[in-house]
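Here is the structure we will look at, set down as structure tokens.
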Amino acid sequence: MTHNSAKLHVIGLETPPFPCTEGSSMSPASSLRRPAFIAGLAAAVVAAVILYPSAKDNSVSTESVAYRAAGISFGAAGKDMRVTKTLNASGVTIKRSQQYINGMPVFGGEIVEFVGADGTTTAALGKVAKESQGQHPADDQNTQNRVRRSGVATFPGQDNKATSAKQVWFDPALFGMKGAAAVPAYQVETTAGTSVVEAASGTVLWKSPKEKEALNRAVCDLNNKSVEGRLQDYACGVAVKPGKTENGGNSQQKDVNNVFKFFDQSSTFYNGELKFDLTQNIGADYGDGVGKALRGTVRVCFNGQACPLTNAFWDGTQMTFGEGVTTLDVTGHELTHGVSQAVNGLGGQGEPGALNEGMSDIFGAFINQANGAAGADKWLIGKGTALGVIRDMANPGAHQQPDKFSQKVNTQQDNGGVHINNGIVNKTAFLVTDGQNFNGQNIKGIGSKKAIQLFWLVENSLTSSSGLQDWGKTVNAACKQLSGSGTLSAADCAEVAKATKATEVG
Ligand SMILES: [Zn+2]
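Residues in the sequence shown are numbered consecutively from 767, following our numbering.
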């Protein structure tokens, strides 16, 4: 049995929109997730770095010694290595070269060398083909059409298109597969990934889906159509075609454009402040050719519920919004649920659920502040949405939330009060950042720059069973770690300790 509501993190105080789904062994979310195809094999390409041996060997060049130490040897395929790149990383000069056979590159036949100050190679890594077999057929239109068709078919999806097909050699041994020699092939680039296709037969020899480092977004508009509460009924890229992606789409719908922009602002915050790539870590690939992307569907309605829907949630793979609830703080809040799912596994029930909601409010607010929210708006959640302000982190009591542990609400509603008791977490974060005279403690705030780093370490240090007072201990322990590394001072941690004492969690 799958209990859908356990995965939902609604922003409001309503009960989750879905009843239990009976008789299904697999959640819609997990059935749509696709593993990155053969990604694990790519690691086999990287050879170990072997240091330049100390043994004196004057009979060969320095380069040959380093190659030999790395197990790199050239057979009949020949030593036609061409330098493709020289760069400096962390003070080390790196030279990268590509193997060629009969004037055509060997796919994956590369050597990386570390070059010393005197210009000699001190160490090398990489693999090259030793033998080759056969010849490339004529590179005519028929061959091009055949290999491009195979390349496109490798990644099913209506948007997948071939962008280039070039002659290469492919040696299966370089990728840890069986094979005695490099064979004539084509490297076919498509919008969804790279395929290596045997030149003669069109058989796919290797494929690698596109792993975009850059932000990738897909936002869809359901236009207030009421659907069942299953992911496949509203999934962006599955149930409905994206109105906007990195490759275009000129949706004029306000919520679509808002969410597209808020994904960017949230990603910029996570990348810049925390070195955490949202697309890579919490993006979803639905196999629709868009690749791994931050996905959202706006103007969603559900059968049997008021429409427009005045709520938003992270459902485990993507974001979902009712009409007019698309604000930056809500987007940051929902994306952070995805982050929590990835880094600490906090669920959506009871005290761990309240922590989950609290961490989402904290980073939603920090993202909002990084983009201009100031003054009285700094700690408000939901301002500008159809719901109006739903929480005030500086003053949780204004929205019937507790602000200290002794006032924790024990209830069966709201999955055990997850949107109620997160007021305790929120108040603590406010006190740590801005300070206040509260509950017998006069706290001087440490400011958002330090608080962001502190709460990011906390986010990464929680477990799926953490409760409110575990969280308080974690906040203080994380502060001590950062104090040791120089990010925060011992004086800062004394203020943090006062804040957790004031809210009675630490
Ligand atoms: Zn939430």
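Cβ atoms here follow ideal geometry from the backbone N, Cα and C, with glycine treated the same way.
Computed from a prediction, not measured in an experiment: that's the story for all the values here.
With contact defined as three or more Cβ pairs closer than 8 Å, the segment 1229–1246 and the segment 1096–1113 are in contact. Cβ-Cβ separation between Gln-1135 and Ser-1255: approximately 22 Å, too far for a contact (criterion under 8 Å). Under DSSP, the beta-bridge partners assigned to Ile-867 are Met-870. Inclusion of Asn-1187 and Val-1198 in the CB contact set at 8 Å is not warranted, their separation being larger than that value. Within the same chain, and ignoring the five residues on either side of Thr-1063 in sequence, the residues whose Cβ sits closer than 8 Å to its Cβ are Val-985, Cys-986, Asp-987, Leu-988, Tyr-1000, Ala-1001, Cys-1002, Ala-1005, Val-1006, Gln-1084, Met-1085, Thr-1086, Phe-1087. Leaving aside the five residues that flank Glu-1261 on each side, the residues in its chain whose CB is nearer than 8 Å to its CB run, in chain order, Val-1198, Gly-1201, Ile-1209, Lys-1210, Gly-1211, Ile-1212. Spatial neighbours of Phe-1029 in its own chain (CB-CB distance under 6 Å, excluding positions within 5 residues in sequence) are listed in chain order as Arg-983, Leu-1060. Asp-1043 and Ser-1032 have their C-alpha atoms some 10 Å from each other. Residue pairing by DSSP puts Phe-936 in a beta bridge opposite Val-949. About 5 Å separates the beta carbons of Glu-897 and Gly-841, which is inside the 8 Å limit, making them a contact pair. Under the three-state reduction of DSSP output, Cys-1073 falls in the coil class, being neither helix nor strand. The continuous stretches of beta strand (DSSP E) do not include Leu-1223, which lies in the alpha helix (DSSP H) extending over residues 1214–1227. Contact between Ile-1147 and Ala-1195 is absent: CB atoms are separated by about 12 Å, not below the 8 Å threshold. Between ligand 1 and His-1103, a heavy atom-to-CB distance of less than 7 Å is present.
Checking the DSSP bridge columns, you'll see Lys-1210 partnered with Gly-1201. Looking at the DSSP output, Ser-898 shares a beta bridge with Ala-948. Secondary structure note for Ala-883: it is in no beta strand (DSSP E), with a DSSP letter that is neither H nor E.
Between the segment 871–884 and the segment 912–926 there are fewer than three inter-stretch CB-CB distances shorter than 8 Å, so the stretches are not counted as touching. Looking at the backbone, the Cα of Lys-1058 and that of Gly-1154 are separated by about 32 Å.
The residue among Ala-958, Gln-933, Ala-1142 with its C-alpha nearest the C-alpha of Ala-951 is Gln-933. Annotated three-state conformation of Leu-1234 is helix, per DSSP.
In this structure, Ser-1126 has its beta carbon less than 7 Å from a heavy atom of ligand 1. DSSP places Leu-1254 outside both helix and strand once states are collapsed to three, so it counts as coil. DSSP places Ser-967 outside any alpha helix (DSSP H), giving it a letter other than H or E. Residue Val-963 holds the alpha-carbon nearest to the alpha-carbon of His-902 among Val-963, Val-1025, Pro-1008, Thr-887. Ala-1140 and Ser-916 have their C-alpha atoms some 54 Å from each other. A distance below 8 Å between beta-carbons, with the five flanking residues on each side excluded, links Asn-1226 to the following residues of its chain, in chain order: Val-1109, Asn-1110.
Distances from the CB of Glu-1123 to the heavy atoms of ligand 1 include at least one below 7 Å. Closer than 7 Å to some heavy atom of ligand 1: that does not describe the Cβ of His-1165. Cβ neighbours of Val-1271 within its own chain (closer than 7 Å, five residues either side excluded): Phe-1171, Ile-1190, Thr-1194, Leu-1234, Gln-1235, Trp-1237, Gly-1238.
Following the DSSP letters along the chain, one finds Phe-1171 in no alpha helix (DSSP H), marked with neither H nor E. As DSSP reads the structure, Val-985 sits in a beta bridge with Lys-1010, Gly-1062. Within the chosen limit of 7 Å, ligand 1 reaches the beta carbon of His-1099 through at least one heavy atom.
Bridge partners of Glu-994 according to DSSP: none are assigned.
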